[in-house]
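Residue numbering for the sequence shown follows our numbering, starting at 56 and increasing by one per position.
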Amino acid sequence: MLDRGRQPALAGMTGRSYPAERISELIGTIYDCVLDPSRWPAVVDSIRRELEFCYAVLGVYPLPGGEVTLGVATGIDSLKLGELPSYGQDLVDLWGGDTKVKQYPLEEPIAQSQAVPDAALVASRYFREWAQPQGVVDAVAIGLERNSRMVSTLSFGRHETVGIVGNGELDALRLLAPHFRRAIAISQLLDLQSIAAANVASVLDGLSVGVVLVDELMALIRANPAAEEMLTRKDPIKVSNGRVVVSDGSREMSLAIEDAVAQAAGDEVALGRRGGSGFPTRGLSGEPRIIHVLPLKRRESRPGLFRRATAALFIAPADRPLSLPFDAFAALYGLTPAEVRVAELIVAGRTQREIARGLGLAGATVKSHLLHVFEKTNVRRQVDLVRLVAALASPL
Numbered sequence: 056m057l058d059r060g061r062q063p064a065l066a067g068m069t070g071r072s073y074p075a076e077r078i079s080e081l082i083g084t085i086y087d088c089v090l091d092p093s094r095w096p097a098v099v100d101s102i103r104r105e106l107e108f109c110y111a112v113l114g115v116y117p118l119p120g121g122e123v124t125l126g127v128a129t130g131i132d133s134l135k136l137g138e139l140p141s142y143g144q145d146l147v148d149l150w151g152g153d154t155k156v157k158q159y160p161l162e163e164p165i166a167q168s169q170a171v172p173d174a175a176l177v178a179s180r181y182f183r184e185w186a187q188p189q190g191v192v193d194a195v196a197i198g199l200e201r202n203s204r205m206v207s208t209l210s211f212g213r214h215e216t217v218g219i220v221g222n223g224e225l226d227a228l229r230l231l232a233p234h235f236r237r238a239i240a241i242s243q244l245l246d247l248q249s250i251a252a253a254n255v256a257s258v259l260d261g262l263s264v265g266v267v268l269v270d271e272l273m274a275l276i277r278a279n280p281a282a283e284e285m286l287t288r289k290d291p292i293k294v295s296n297g298r299v300v301v302s303d304g305s306r307e308m309s310l311a312i313e314d315a316v317a318q319a320a321g322d323e324v325a326l327g328r329r330g331g332s333g334f335p336t337r338g339l340s341g342e343p344r345i346i347h348v349l350p351l352k353r354r355e356s357r358p359g360l361f362r363r364a365t366a367a368l369f370i371a372p373a374d375r376p377l378s379l380p381f382d383a384f385a386a387l388y389g390l391t392p393a394e395v396r397v398a399e400l401i402v403a404g405r406t407q408r409e410i411a412r413g414l415g416l417a418g419a420t421v422k423s424h425l426l427h428v429f430e431k432t433n434v435r436r437q438v439d440l441v442r443l444v445a446a447l448a449s450p451l
């Protein structure tokens, strides 16, 4: 440990605990940003303050290049924010290099104090010239998305007066991160700066992606023209016994989506534990599709169009071919991206210690992820997990 600013928190590595009710409230505000993007700065700032960070930066960066589509910074001087990109390569090297950074699981908060040796930190230009003069002694980085269209990240800084990041803050961020990812994914589908409440219906009707509004029992309330065409073709969704289901015969996938909608009606924190920004499926011709679930039930700011709806389903082409069986594995068993990554490496024959070292996670965190995988998949041993994944990969 550093002897300087990090010292105040050494006695409290567990950090604060955050009530589920408060986390649920924060999750609700994240989804408010989908239909009203002007809320992003206030929402990010409220989360920063709640978790006692000195600054927060949320960014969505299009690929292969172009203007930032979403950039939010709070608690940080504009001059210092402008200096930060000049330390880009130094930061990448500090966090283990480009290859390692790309291996960090999406949605998993990585604490600088756990992933970066103190000797490497104090030797870095970033720390000496940028962080230390501001009293920033710790940071958390979260990768939200990496695909062919964009990269999105969320990061927080910790001031020396508060001390290093504790497990309580990391646990809270694990609950919040999936909702940031889902909200951003849906916002990218909308591709709008703002939606006036009176114009929501016409805006959704003009989208090329399918949008279906459902109640908590999956009953169809409304579909935009693109979704109506999908329902008519029964590709990739249809109405069966009055309920919206996927059409590819995957009862398990329909159940997973139904469960997410039910969770959206009652417990948004639990919805985050379902993992991922969407559910993978295929059209009848085999093309990959993603179904995103946007909770609506408790949104006070939502327009009249949504009053009876529990959730909106956005059906869109996938950014890349589905990587089976792990995409299906995640959706069917409600695994988070971090849990899936650990499962992948276990199946590949890595030990827990190797996984922790490779992903920059604490050994206890890897063990916790693996135990969650066991619990969700109802297996008790690593060999049973390997068999389960192999069975999913086998042709029918």
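Here a beta-carbon is modelled for each residue, glycine too, at the ideal position from N, C-alpha and C.
Unbroken alpha helix (DSSP H) stretches of 4 residues or longer found wholly inside the stretch 402-437: 407-414 and 418-432, given in chain order.
For Thr208, the enclosing beta strand (DSSP E) stretches over residues Met205 to His214.
Where Glu138 is concerned, the enclosing alpha helix (DSSP H) starts and stops at Ser133 to Glu138. Ranked by Cα distance from Val395, the first of Pro380, Arg337 and Arg408 is Pro380.
The residue from Leu134, Arg236 and Gln169 with its alpha-carbon nearest to that of Leu161 is Arg236.
Out of Val177, Val217 and Ala403, the CA that lies nearest to the CA of Arg103 is found in Val217. In the three-state reduction of the DSSP assignment, Asp87 falls in the helix class.
Per DSSP, the unbroken beta strand (DSSP E) holding Glu200 starts and ends at Val191 to Arg201. Taking the Cα positions, Phe429 is about 16 angstroms away from Thr406.
Annotation: the continuous beta strand (DSSP E) that includes Pro343 extends over Pro343 to Pro350. Looking at the DSSP output, Pro335 sits in a beta bridge with Ile345. When secondary structure is reduced to three states using DSSP, Ile370 falls in the strand class. Just measuring C-alpha positions, the residue of Met308, Arg298, Lys431 and Ala232 sitting nearest Gly83 is Ala232.
Every unbroken stretch of the beta strand (DSSP E) spanning 3 or more residues and falling wholly within the stretch 221-289 is given here in chain order: 265-269 and 275-278. Between the stretch 306-325 and the stretch 200-207, the count of C-beta pairs closer than 8 angstroms stays below three; the two stretches do not touch. Val147: member of the alpha helix (DSSP H) spanning Gly143 to Leu149, first to last residue. Look at Gly120 here: in three-state DSSP terms it is coil, with no helix or strand label. DSSP places Ile312 in the uninterrupted alpha helix (DSSP H) bounded by Arg306 to Gly321. Counting along the chain, no alpha helix (DSSP H) covers Arg298; the unbroken beta strand (DSSP E) around it starts and ends at Arg298 to Val301.
Taking a C-beta distance under 8 angstroms as the contact criterion, Arg229 and Pro291 do not qualify as a contact pair. Only buried fits Lys431, as 16 or more other CB atoms lie within 10 angstroms of its CB. Distance from the CA of Arg408 to the CA of Ala75, rounded to the nearest whole angstrom, comes to 31 angstroms. Annotation for Val269: Leu275, Ile276, Val299, Val316, Ala364, Thr365, Ala366 and Leu368 place their beta carbon closer than 7 angstroms to its own, counting only its chain and skipping 5 residues before and after. Note that the stretch 410-428 does not touch the stretch 174-193; fewer than 3 beta-carbon pairs, one per stretch, sit closer than 8 angstroms.
Burial is judged here by how many other beta carbons sit within 10 angstroms of a residue's own beta carbon; Gln144 has fewer than 16 and is exposed.
Rounded to the nearest angstrom, the Cβ distance from Ile370 to Arg337 is 12 angstroms, too far for a contact under 8 angstroms. The beta carbon of Val147 sits closer than 8 angstroms to the beta carbons of Asp153 and Val156 from its chain, once the five residues preceding and following it are set aside; these are given in chain order. Listed in chain order, the non-local C-beta contacts of Asp260 below 8 angstroms within the same chain comprise Asn279 and Pro280, local neighbours out to five positions each way being set aside.
Around the beta-carbon of Asp382, 16 or more other beta-carbon atoms lie within 10 Å, marking it buried.
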